[in-house]
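Reviewing the structure listed below.
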Amino acid sequence: MSSAGQGYAAVSDAAPGSAAKFETWLWIAQRASAAVLALCVLVHLATIIYAVHHGLTGAAILARTRGNVGALAFYALYVLAIAVHAPIGLRALCQEWLGWRNNALNWVIGALALALFIFGLRAGAAVFLA
Amino acid sequence: MDMLQVSVWRGAEVGGYRTYEVPRQESQSVLDVVTYIQRYIDPTLSYRFACRVGMCGACAMTVNGVARWTCRTHVSKVVKGNAIQIAPLANLPVVKDLVTDMRGFFDKWARALGRFVSNATRKDDFAKVASDSPERIAANAGIECIGCGVCYASCDVVSWNPDYLGPAALNRAWTLVNDVRDGARRERLAAVAGDAGCHACHTHMSCSERCPKDITPTASIAGLKRAVATAALKGEL
Chain A
1 MSSAGQGYAA VSDAAPGSAA KFETWLWIAQ RASAAVLALC VLVHLATIIY
51 AVHHGLTGAA ILARTRGNVG ALAFYALYVL AIAVHAPIGL RALCQEWLGW
101 RNNALNWVIG ALALALFIFG LRAGAAVFLA
Chain B
1 MDMLQVSVWR GAEVGGYRTY EVPRQESQSV LDVVTYIQRY IDPTLSYRFA
51 CRVGMCGACA MTVNGVARWT CRTHVSKVVK GNAIQIAPLA NLPVVKDLVT
101 DMRGFFDKWA RALGRFVSNA TRKDDFAKVA SDSPERIAAN AGIECIGCGV
151 CYASCDVVSW NPDYLGPAAL NRAWTLVNDV RDGARRERLA AVAGDAGCHA
201 CHTHMSCSER CPKDITPTAS IAGLKRAVAT AALKGEL
């Protein structure tokens, strides 16, 4: 890295490095969570189709999920991927469609992510403990 | 003689379309039509052109809703019945009639660090860049841009977010990221990251569809996303 390049950057009005870093990590997180979701959604859909085709009752499904650590781990991962992926996409929508670009947006989106994660985990725990 | 009904934007940001009758001729370009109006009907019509042969990019306008070089667009290709609508490029302030203010467009090239920053001194030997190296091939794909603004006028993201650097500036940044003689890679990647940079691209590909030089800025922007992500993962952003 040359000093010439750094000198040029110093006099430019380029975005501050911290903002660039934050946005880039959000982008990486959304792509990575999308990859996880692609798999999770397939497994989730296959499970639903299996349950419907075999005419499983609610009680029969709960009998399979109760104490099933594998199912709990799977849905915890699924919930985590959703809690990461959806709020970042919603943030982009707010920025582009509503022109909402200040720091308050990040707090609202962060709260949404936390809520998704907590409520999702609660649902997962409910069928585990049922 | 066949007559074209040509609807032309008159005014600045506030204005309206005025219709002119222009004789239809063989091998007539849209720029010929605009020139005819100014020379023979209304000399107050303002428009911009220079080379007339697709080298300078100055004559880009919106023809029937699509950004094009008017000098390289035959009337026969775009005419609907006998009507044509000609407007200034979108996403840029209108100075008058068909002339846009391109300062914002070029300021974004500067914001994207679209300037070569040498990593060598005059005492160093010439850099040797193999023509078949991956970096040279990647730079080659985007290097022919002449800054006409057609991609910028066609970009949905620019219309949503006026701060977005746009396809041309990002394509330029990508050619420099691949220039092994350049010493400002890190600063440039930081400059093109984020909501106003490469991460805002929705890959609609209007820029690539309409680029008169057949450049694919979408691919350049995807390259920047990869380069920025790699730099972030290595802690180099």
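Protein chains in written order, with this note's numbering: chain A, 1 to 130; chain B, 1 to 237. Where is the CB? At the ideal position from N, CA and C, for every residue including glycine. In this text, all values refer to a predicted model and were calculated from it rather than measured experimentally.
Looking at the DSSP output, residue 9/B shares a beta bridge with 17/B. In this structure, the beta-carbon distance from residue 1/B to residue 23/B falls below 8 Å. At least one CB of chain A lies nearer than 8 Å to the CB of residue 229/B. Between residue 169/B and residue 223/B, the CB-CB gap reaches or exceeds 8 Å. Secondary structure note for residue 86/B: its beta strand (DSSP E) is the uninterrupted segment 83 to 87. In the three-state DSSP reduction, residue 112/B falls in the coil class, being neither helix nor strand. In this structure the region 166 to 183 of chain B touches the region 103 to 117 of chain B; the number of beta carbon pairs closer than 8 Å is three or more.
Beta-bridge annotation (DSSP): residue 62/B is paired with 67/B and 87/B.
In the pairwise beta carbon analysis, the region 132 to 143 of chain B is classified as not touching the region 69 to 79 of chain B: fewer than three pairs are separated by under 8 Å. Per the coordinates, the alpha-carbon of residue 60/B lies some 10 Å from the alpha-carbon of residue 153/B.
Under a criterion of Cβ atoms nearer than 9 Å, the residues of chain A adjacent to residue 161/B are, in order, 95, 96, 99 and 101. Per DSSP, the unbroken beta strand (DSSP E) holding residue 96/B starts and ends at 94 to 96.
Taking a 10 Å sphere around the C-beta of residue 171/B, we find 16 or more other C-beta atoms and assign the residue as buried. Neighbourhood of residue 28/A in chain B, by CB distance below 8 Å: 229, 232 and 233, in chain order.
Distance from the CA atom of residue 130/A to the CA atom of residue 47/A, rounded to whole angstroms, is 19 Å.
Using a Cβ-Cβ cut-off of 8 Å, residue 237/B counts as an interface residue toward chain A, since at least one Cβ of chain A sits closer than that to its own.
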